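Enquirer: With numbering that gives the first Met the number 0, you'll find the sequence shown wraps up at 127, consecutive numbering, no jumps. C-beta atoms are modelled at their ideal positions from N, C-alpha and C, and glycine is treated no differently. These numbers were taken from a predicted model, which means no experiment stands behind them.
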Amino acid sequence: MYSFSVTLDLPVDEAIDRLKDVLQAHHLGIVSDVDVQKIVKAKLGEDMPAYRILGACNPKLAKRVLGAQPEAGTLLPCNIVVRAEGEGSVIHFMDPEPVLALANDAEIEAVAREARSMLQAVAAELQD
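1) Over the uninterrupted alpha helix (DSSP H) stretch that includes residue 66, give me the two end residues.
2) Write down every uninterrupted run of the alpha helix (DSSP H) in the segment 9-50 whose length is 4 residues or greater and which is fully enclosed by it, in chain order.
3) Assuming residue 21 and residue 52 are in contact, meaning their beta carbons sit under 8 Å apart, how far apart are those beta carbons, in whole angstroms?
4) Answer with buried or exposed for residue 48, where buried requires no fewer than 16 other C-beta atoms within 10 angstroms of its C-beta.
5) Could you tell me the distance, in whole angstroms, from the CA atom of residue 67 to the CA atom of residue 45?
6) Please list, in chain order, all residues of the same chain as residue 32 whose beta carbon is under 7 Å from its beta carbon, the five residues on each side excluded.
7) In the DSSP assignment, find the unbroken alpha helix (DSSP H) run with residue 120 in it and report its ends.
Structure (structure tokens):
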């Protein structure tokens, strides 16, 4: 698997606010935010449920990855999808271990384990 997820009884915007708070408490921040729903509406004129792709990053971990292999930046940041499901939201976390394993580098794999642990802690806290 390349992801793990949690379901929240919150609308997408509130789920994102909660997610950002929990990420920050775990030394992660959002460095990108793609609103797929707005893009689809603007470019295709079609409606779809709320769907956001957030790029999460810990600068110290990212620096270690880039120090090991500058081109491994193509595998960063860790994407998190927040999408509407019914009245609530589902948050899907990219699992950095299988993704960063593509670099085939021991240091990058160590970073992936740390990042996965951080994201799993975020997911667990959101579930509480």
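Expert: Let me lay it out:
1) Here residue 66 is taken as the residue at index 67 of the sequence shown, counted from 1. 58-67 is the extent of the alpha helix (DSSP H) around residue 66.
2) 11-24 and 35-43
3) Stepping through the sequence shown from its first residue, residue 21 is reached at position 22. Stepping through the sequence shown from its first residue, residue 52 is reached at position 53. About 18 Å separates the two Cβ atoms, so there is no contact after all.
4) Translated into the one-based positions of the sequence shown, residue 48 becomes position 49. Its Cβ having fewer than 16 others within 10 Å, residue 48 is exposed.
5) If you number the sequence shown from 1, residue 67 lands on position 68. If you number the sequence shown from 1, residue 45 lands on position 46. Cα to Cα, residue 67 sits roughly 42 Å from residue 45.
6) Reading the sequence shown from its first residue, position 33 is the one you call residue 32. Excluding positions up to five away in sequence, the list reads 51 and 53.
7) Mapped onto the sequence shown, residue 120 falls at position 121. Segment 105-126, the alpha helix (DSSP H) holding residue 120.
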